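*Asks:* Handing you a structure now.
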Amino acid sequence: MKRIILSAVIAAVMGGRLCAAVAEDSKIFTPFFDMTLNEAAYMPSVGNIFSGGNINTQVGLLAKVTEKDHIFGLYNFNYAGQGFAPQDSKQFTDRSMTHAFNFEYRRNINEKFRVRPGVSLSSDYSRSGANEAWKNGLYNMSALGFQLAADYIFDFEKNGVVSLTYLSKAVKFPNYTDLLREFQDPSNTANANGGLQDQGIKQVSLRPIWGKWFGGITYTLQNFDNQKVVENTGVYGTTKQKDTTTAVDAGFHHALWIFELYPMASYTMHRSNQNFMRYKSLNDSASATFVSKNYDYNELTLSVPVDLNITSKWALGGALNMTSRKYTDRNRRDENNDYVDGLQKNLMTTLTGSIRKRINDTAMVRLYYALTVASSNNKFEKYMPGNYTGNTIGIAYQLSY
Numbered sequence: 372m373k374r375i376i377l378s379a380v381i382a383a384v385m386g387g388r389l390c391a392a393v394a395e396d397s398k399i400f401t402p403f404f405d406m407t408l409n410e411a412a413y414m415p416s417v418g419n420i421f422s423g424g425n426i427n428t429q430v431g432l433l434a435k436v437t438e439k440d441h442i443f444g445l446y447n448f449n450y451a452g453q454g455f456a457p458q459d460s461k462q463f464t465d466r467s468m469t470h471a472f473n474f475e476y477r478r479n480i481n482e483k484f485r486v487r488p489g490v491s492l493s494s495d496y497s498r499s500g501a502n503e504a505w506k507n508g509l510y511n512m513s514a515l516g517f518q519l520a521a522d523y524i525f526d527f528e529k530n531g532v533v534s535l536t537y538l539s540k541a542v543k544f545p546n547y548t549d550l551l552r553e554f555q556d557p558s559n560t561a562n563a564n565g566g567l568q569d570q571g572i573k574q575v576s577l578r579p580i581w582g583k584w585f586g587g588i589t590y591t592l593q594n595f596d597n598q599k600v601v602e603n604t605g606v607y608g609t610t611k612q613k614d615t616t617t618a619v620d621a622g623f624h625h626a627l628w629i630f631e632l633y634p635m636a637s638y639t640m641h642r643s644n645q646n647f648m649r650y651k652s653l654n655d656s657a658s659a660t661f662v663s664k665n666y667d668y669n670e671l672t673l674s675v676p677v678d679l680n681i682t683s684k685w686a687l688g689g690a691l692n693m694t695s696r697k698y699t700d701r702n703r704r705d706e707n708n709d710y711v712d713g714l715q716k717n718l719m720t721t722l723t724g725s726i727r728k729r730i731n732d733t734a735m736v737r738l739y740y741a742l743t744v745a746s747s748n749n750k751f752e753k754y755m756p757g758n759y760t761g762n763t764i765g766i767a768y769q770l771s772y
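According to my numbering, the sequence shown is numbered sequentially starting from 372.
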């Protein structure tokens with residue numbers, strides 16, 4: 372669920388950033404390319420040592436039709452391999468792969484106003500096990516979307532732009548299976564499948580960019596086509612699931628003497644009318660516990676990367692990344708999977724040290740070590756670790772122009 376929200380947010384954010392980052396000058400064609408390759412070894416305090424890789428590639432082209440009309444196309448490929456992730460998001464072994472296409476028509480109304488209608492297509496694949504085929508992923512999805520954005524340019528010297536964007540998407544999950552329905556009625560597989568996670572996403576965002584500063588506020592609404600809400604009787608009712616997410620973020624990129632700073636912070640409030648029925652065992656329905664608003668949470672994310680430029684090519688880097696999630700209605704569990712007093716809280720902090728070498732104006736390589744500390748007052752960790760320490764050693768290569 373969270374990945375859908377993030378994909379929609381990233382799509383809206385990229386539209387605003389690219390309109391400011393790509394120069395619309397006298398060139399007929401202006402290419403855009405950015406690629407990051409990452410490979411790392413992970414050593415957690417629970418489980419075995421493993422390795423994982425990440426690839427993120429964006430290829431775009433801006434075509435000038437007339438002085439006022441432009442067409443922009445962007446292809447994004449992202450592969451996220453095994454690795455550490457905030458609690459309640461995914462397991463160490465989870466992997467995902469995304470193909471996304473965005474096409475945008477840009478019309479300059481005058482010197483300060485521009486409109487950007489566009490369409491987007493994406494396919495997302497997931498794998499939880501080593502032997503699982505990409506086509507069989509439980510959370511595989513496809514999306515078709517429409518965008519309408521308007522830009523107001525208030526400062527030409529500092530590239531000051533305010534973007535208002537409306538995004539609408541139809542998302543399909545062809546492989547999703549409902550485990551609760553299978554448990555309640557194992558013979559009725561049609562009731563357990565059939566596009567239960569299919570949904571429509573509506574999103575509105577307002578994002579200013581000015582010089583080295585950026586930020587914005589994004590509101591996302593998810594209306595599920597078929598998924599019903601679990602009632603306190605343990606069965607699905609007639610009300611359809613509806614989720615909302617409000618996110619605020621801000622950051623900047625600043626060079627100060629020999630330092631380069633890239634701090635960013637975001638605050639997310641996620642709300643859902645979906646409830647949760649917890650069964651301690653499959654053959655003991657008497658132990659079921661109903662949790663209203665189980666998926667509501669507030670989350671704060673802070674990222675503070677710093678590079679110290681020793682020479683024009685070499686730099687020492689350090690970074691602090693923190694994700695803190697607090698559930699509004701979900702109680703924590705003890706080691707025996709019993710709910711106890713106190714709401715669940717998760718915290719994941721990563722400290723990173725690195726050495727960066729700039730190969731040329733478009734390429735750089737970075738060798739890094741990271742220490743990850745994940746903690747949670749939820750002590751039941753049979754299916755997903757919540758309290759662990761992890762060490763990571765990796766290398767990253769970036770090429771962009």
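Cβ atoms here follow ideal geometry from the backbone N, Cα and C, with glycine treated the same way. Since the model is a prediction, treat every value here as computed from it, not as a measurement.
For N422, which residues from the same chain have a beta carbon less than 6 Å from its beta carbon, with the 5 sequence-adjacent residues on both sides left out?
*Replies:* According to the sequence displayed, residue 422 carries Ser and not Asn. Closer than 6 Å at the Cβ level, and outside the excluded window around S422, lie A412.
*Asks:* Thinking C-alpha only, which one of K529, N680 and G586 is nearest L632?
*Replies:* Nearest option by C-alpha distance: N680.
*Asks:* Look at S497 and S467 and say whether their C-beta atoms are less than 9 Å apart.
*Replies:* A contact, by the Cβ cut-off of 9 Å.
*Asks:* Exposed or buried, Q612, counting other C-beta atoms within 10 Å across all chains shown (16 or more means buried)?
*Replies:* Q612 comes out buried.
*Asks:* Measuring straight from C-alpha to C-alpha, what distance separates V542 and F630?
*Replies:* Rounded to whole angstroms, V542 to F630 spans 43 Å at the Cα level.
*Asks:* Which one or two residues does DSSP pair with E410 in a beta bridge?
*Replies:* For E410, which the question treats as bridged, DSSP gives the partners G424 and I766.
*Asks:* Do F448 and A434 have their CB atoms nearer than 9 Å?
*Replies:* Cβ distance not < 9 Å, so F448 and A434 don't count as in contact.
*Asks:* Pull up the DSSP beta-bridge partners for R695, would you.
*Replies:* Strictly speaking, residue 695 in this sequence is Ser, with Arg absent from that position. BP columns for S695 point to L671 and L718.
*Asks:* Check whether the stretch 749 to 759 and the stretch 686 to 706 are in contact - that is, three or more C-beta pairs closer than 8 Å.
*Replies:* The stretch 749 to 759 vs the stretch 686 to 706: in contact.
*Asks:* How many Å lie between L567 and F525 at the Cα?
*Replies:* Each residue's Cα considered, the two are about 45 Å apart.
*Asks:* Using only alpha-carbon positions, find the residue among N762, A618 and V417 that is nearest to M640.
*Replies:* Of N762, A618 and V417, the residue nearest in Cα terms is A618.
*Asks:* So the beta strand (DSSP E) T464 belongs to, where does it begin and stop?
*Replies:* It is not in any beta strand (DSSP E) - T464 carries neither H nor E in the DSSP assignment.
*Asks:* Between the C-alpha atoms of S340 and T660, what's the straight-line distance to the nearest angstrom?
*Replies:* For the chain, the structure presents residues 372 to 772; residue 340 sits outside this window and is missing.
*Asks:* Since G516 and S491 are thought to touch, with beta carbons under 8 Å apart, how far apart are those beta carbons, to the nearest angstrom?
*Replies:* Rounded, the Cβ-Cβ distance is 4 Å, consistent with contact.
*Asks:* Which whole runs of the beta strand (DSSP E) in the stretch 726 to 757 are 3 residues long or more, in chain order?
*Replies:* As far as the stretch 726 to 757 is concerned, its whole beta strand (DSSP E) runs of at least 3 residues are 734 to 747.
*Asks:* Please determine, among L714, K753, R477 and L742, the residue with the shortest C-alpha to C-alpha distance to T721.
*Replies:* Considering only alpha carbons, the answer is L742.
*Asks:* Given Q769, which residues of its chain have a CB within under 6 Å of its CB, disregarding the five upstream and five downstream residues?
*Replies:* Correct list, in chain order: T407 and M735.
*Asks:* Please state whether DSSP places S643 in a helix, a strand or coil.
*Replies:* Looking at S643 - three-state DSSP - the assignment turns out to be strand.
*Asks:* Please state the DSSP three-state secondary structure of S416.
*Replies:* Looking at S416 - three-state DSSP - the assignment turns out to be coil, as it is neither helix nor strand.
*Asks:* Identify every residue that forms a DSSP beta bridge with R649.
*Replies:* BP columns for R649 point to T660.
*Asks:* Would you identify the three-state DSSP class for N530, choosing helix, strand or coil?
*Replies:* N530: coil per DSSP, three-state reduction.
*Asks:* According to DSSP, simplified to helix, strand and coil, what is K506?
*Replies:* Helix, per DSSP.
*Asks:* Got a sec? Which residues, its chain only, sit under 6 Å from G431 by beta carbon, not counting five neighbours each side?
*Replies:* Same-chain partners within the cutoff: F403 and L445.
*Asks:* Rounded to whole angstroms, what is the Cα-Cα separation between E475 and N603?
*Replies:* In a straight line, the C-alpha of E475 is about 46 Å away from that of N603.
*Asks:* Roughly how many whole angstroms lie between the Cα atoms of G689 and A626?
*Replies:* Rounded to the nearest angstrom, the two C-alpha atoms are 15 Å apart.
*Asks:* So E462 and M755 are supposed to be a Cβ contact under 8 Å. How far apart are they, rounded?
*Replies:* A small fix is needed here, since residue 462 is Gln in this sequence, not Glu. About 6 Å separates the two Cβ atoms, so the contact holds.
*Asks:* Does the count of Cβ pairs from the stretch 530 to 540 and the stretch 568 to 578 closer than 8 Å reach three?
*Replies:* Segments in contact, yes.
*Asks:* Contact defined as beta carbons within less than 8 Å: I believe L714 pairs with K728. What is the distance between those atoms, to the nearest angstrom?
*Replies:* Between K728 and L714 the Cβ distance is about 46 Å, and since that is not below 8 Å, they are no contact.
*Asks:* Going by C-alpha to C-alpha distance, which of E410, S683, T464 and Y668 sits closest to T616?
*Replies:* Selected option, being the one with the closest Cα: Y668.
*Asks:* Can you give the Cα-Cα distance for M648 and V606, rounded to whole angstroms?
*Replies:* Looking at the two C-alpha atoms, the distance is approximately 9 Å.
*Asks:* N692 and V675: beta carbons closer than 9 Å?
*Replies:* Taking 9 Å as the Cβ cut-off, N692 and V675 qualify as a contacting pair.
*Asks:* Mind checking A520: buried by the 16 CB within 10 Å criterion, or exposed?
*Replies:* Buried, since its Cβ has 16 or more Cβ neighbours within 10 Å.
*Asks:* Taking the DSSP output, what are the residues bridged to F544?
*Replies:* DSSP, once it has assigned bridges, lists no residue as partnering F544.
*Asks:* Mapping DSSP to helix, strand and coil, what is L567?
*Replies:* Coil at L567, not helix or strand.
*Asks:* In this structure, how does DSSP classify G586 when only helix, strand and coil are distinguished?
*Replies:* DSSP places G586 in strand when its eight states are reduced to three.
*Asks:* Less than 6 Å between C-beta atoms, sequence neighbours within five positions excluded: which residues of the same chain meet that for I588?
*Replies:* So the list reads L577 and V619, once near-sequence residues are dropped.
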